[in-house]
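Numbering (my numbering), first residue to last: 11 to 537.
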């Protein structure tokens, strides 16, 4: 498969010095291009093919989208492109999306976060049956501080079913589950090097969290897993010699969980930390850094590679892809978004901790309503302590049901999932309040997925500014129509555009006069 049919490399053209001619040659990225001087020796232009040597000032070799990131990443994961489709939670990154990504020689992760165990199990078996012979697919393992047993159970499932790649996200500390995924299957290869079982990706947005994944697993966690029979002593011994993860995804201003930090600050900071720790621990293999968050246009993707990313992870914009597990109504809302149409709101999975996530604000009142619930939780010790007027307002405008009715729904849910939560709630009124309010936060994302029209104003749609940038970029092109937005067309256009922009920036660095047209790439149908 080729991204674009490469022009005939034998086709030469005379040197061009006009803005239009320079821009046209700059886009021919799959050919070598010469920087040439004009007759006066002062003006610069471009040429391909044979040119009188005296006039050639320099030559740029061909450039392919496949070459933008680190070659070691593609080799390690059996992919052609340094591109990852991120694990949008609640199954929004569907098995269909992961399969399409794998067939396109990229890497994709199923969005297991927020799903019940049986749903994750079905998805894992589906992918394992379809993609068993390929290494370029994986499943998300999300940190679940309120449900550590579920987190560990999912980890065991992924390892048991031979999931080749696991992406750990939202972790603030290392847990038994994530260390198990890192250490299970470690062995010595024929050359004496350490061979991994499943390859672990770690998504981080803070240097202190990155340091934990860049270091060997803590001895206490390894010893406990050995004592439980989950690891062998040999696996634990090798785990002390390698980093927890060899692929660290640096997540900047993304949809969902985010610290809103700019990639241009965060990635170099973690790269410096990576280099320091690799020297300290004497790792034999390099640790790769990827970039995520805010990547919705070729400019952003090119910038991530220019910062030194070995690969890019694209998430939010794929929610509008035809393979995404999101309702058509929610997709339409995303297609109307601009860069400022986002807000921070309480996260359902870390509600009690006050953790927030980034969501769409245009066309939905979720962020405002969720904030009201967290304010009530913070200011009161139980549902009964909430003043009658505030209680009536929340029941009428947010929950659309009395507290007691919502509690019965919550109780039925936890009876199936984890009865200990009910016991805890009955002993702790504030925890009972948190569960009632978390019902709204959890339901709001499901309403967006299923297209519950009556609750449209409550849709929780994870989204960062990149969605608006993507919408402006594709306006007027074939990708403006959601029916054309396959996950592979989005990926190929972002990569192709990033390569075109990279070539333009290279030429500008050498003094070639380029108009703004040379830095624009319009989406087109690629194969």
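Here a beta-carbon is modelled for each residue, glycine too, at the ideal position from N, C-alpha and C.
- Separation of residue 496 and residue 441 (C-alpha to C-alpha, rounded to the nearest whole angstrom) is 42 angstroms.
- Its Cα nearest to that of residue 38, the residue 506 stands out among 506, 535, 520.
- In this structure, the alpha-carbon of residue 531 lies about 41 angstroms from that of residue 205.
- Look at the stretch 120-201 and you find these whole runs of alpha helix (DSSP H), each 4 residues long or longer: 127-141, 158-170, 186-193.
- Taken in chain order, the complete beta strand (DSSP E) segments of 3 or more residues contained in the stretch 443-513 number zero; there are none.
- Ranked by how close their Cα comes to the Cα of residue 247, the residues 385, 218, 193, 53 have 193 in first place.
- Comparing alpha-carbon positions, the option among 115, 132, 343 lying closest to residue 121 turns out to be 132.
- Residue 111: member of the alpha helix (DSSP H) spanning 105-113, first to last residue.
- Remark: C-beta atoms of residue 273 and residue 255 do not approach each other more closely than 9 angstroms.
- Secondary structure at residue 211: strand, using DSSP grouped into helix, strand and coil.
- Secondary structure note for residue 278: its alpha helix (DSSP H) is the uninterrupted segment 273-291.
- According to the DSSP secondary-structure assignment, residue 54 is paired through a beta bridge with 47.
- Just so you know, the alpha carbons of residue 491 and residue 301 end up roughly 27 angstroms apart.
- Bridge pairing for residue 236: absent [DSSP].
- Shown here for residue 245: same chain residues with a beta carbon closer than 6 angstroms to its own, the five before and five after excluded, namely 193, 196 in chain order.
- In the DSSP assignment, residue 243 falls within the unbroken alpha helix (DSSP H) covering 243-249.
- Taking 9 angstroms as the cut-off, the beta carbon of residue 116 is found no closer than this to the beta carbon of residue 134.
- Going by DSSP, residue 355 is part of the beta strand (DSSP E) stretching over 352-356.
- Residue 212 and residue 30 have their alpha carbons spaced roughly 44 angstroms apart.
- Fully contained in the stretch 298-362 are the following alpha helix (DSSP H) runs of length 4 or more, in chain order: 308-316, 338-345.
- CA-CA distance, residue 444 to residue 387, rounds to 7 angstroms.
- For residue 433, the uninterrupted alpha helix (DSSP H) run begins and ends at 430-437, by DSSP.
- Judged by DSSP in its simplified three-state form, residue 520 adopts coil rather than helix or strand.
- By the Cβ-count criterion, residue 294 is exposed, with fewer than 16 other Cβ atoms from all chains shown falling within 10 Å of its own Cβ.
- Following the DSSP letters along the chain, one finds residue 420 inside the alpha helix (DSSP H) bounded by residues 413-427.
- In this structure, residue 356 sits away from residue 391, with a CB-CB distance that is not shorter than 9 angstroms.
- Within 10 angstroms of the beta-carbon of residue 141 lie 16 or more other beta-carbons, which makes it buried.
- Taking the C-beta atoms as reference points, residue 70 is found nearer than 9 angstroms to residue 516.
- If you draw a straight line from the Cα of residue 166 to the Cα of residue 179, it comes to about 16 angstroms.
- Under the three-state reduction of DSSP, residue 515 is assigned to helix.
- For residue 31, the enclosing alpha helix (DSSP H) has its first and last residue at 29-36.
- Under the three-state reduction of DSSP, residue 74 is assigned to coil, being neither helix nor strand.
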